[in-house]
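Novice:
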C-alpha cells in the first residue's frame with residue numbers, strides 16, 4: 243500500500259511539473275506577443291514622427 247501511495251505522489255508531482263511548464267510556455271508566448279505589439283507600436287510612432295519631420299522641412 244505504501245508503494246502505491248508513493249507512486250501516486252510521484253505521478254502527481256510529474257503532472258504538476260508538466261502543467262507548470264505548459265503554463266510557463268503560455269506566459270512566455272503571451273509576453274512575446276505583447277513585446278511584439280509594443281515594438282510594432284514604437285516602430286509605427288517612430289516612422290510617423292519621421293514623416294512629420296520631413297513634412298515640416300518641405
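Numbering (our numbering), first residue to last: 243 to 300. We treat Cβ as the ideally placed atom computed from N, Cα and C, and that holds for glycine. Just so it is clear, the structure is predicted and the values come from calculations on it, not from any experiment.
In whole angstroms, give me the CA-to-CA distance for residue 284 and residue 268.
Specialist: Position 42 of the chain shown, counted from the start, is the residue given in the question as residue 284. Position 26 of the chain shown, counted from the start, is the residue given in the question as residue 268. Cα to Cα, the separation comes out at about 24 Å.
Novice: From the DSSP output, in three-state form, read off residue 300 for me.
Specialist: In the chain shown, counting from the first residue as 1, residue 300 sits at position 58. Note: residue 300 maps to coil in three-state DSSP.
Novice: To the nearest angstrom, how far is the alpha carbon of residue 272 from that of residue 279?
Specialist: To locate residue 272, count along the chain shown from 1; it is residue 30. To locate residue 279, count along the chain shown from 1; it is residue 37. Spanning the two alpha carbons is a distance of roughly 11 Å.
Novice: Out of curiosity, what's the CA-to-CA distance linking residue 293 and residue 281?
Specialist: The residue given as residue 293 occupies position 51 in the chain shown. The residue given as residue 281 occupies position 39 in the chain shown. If I take the Cα positions, the gap works out to 18 Å.
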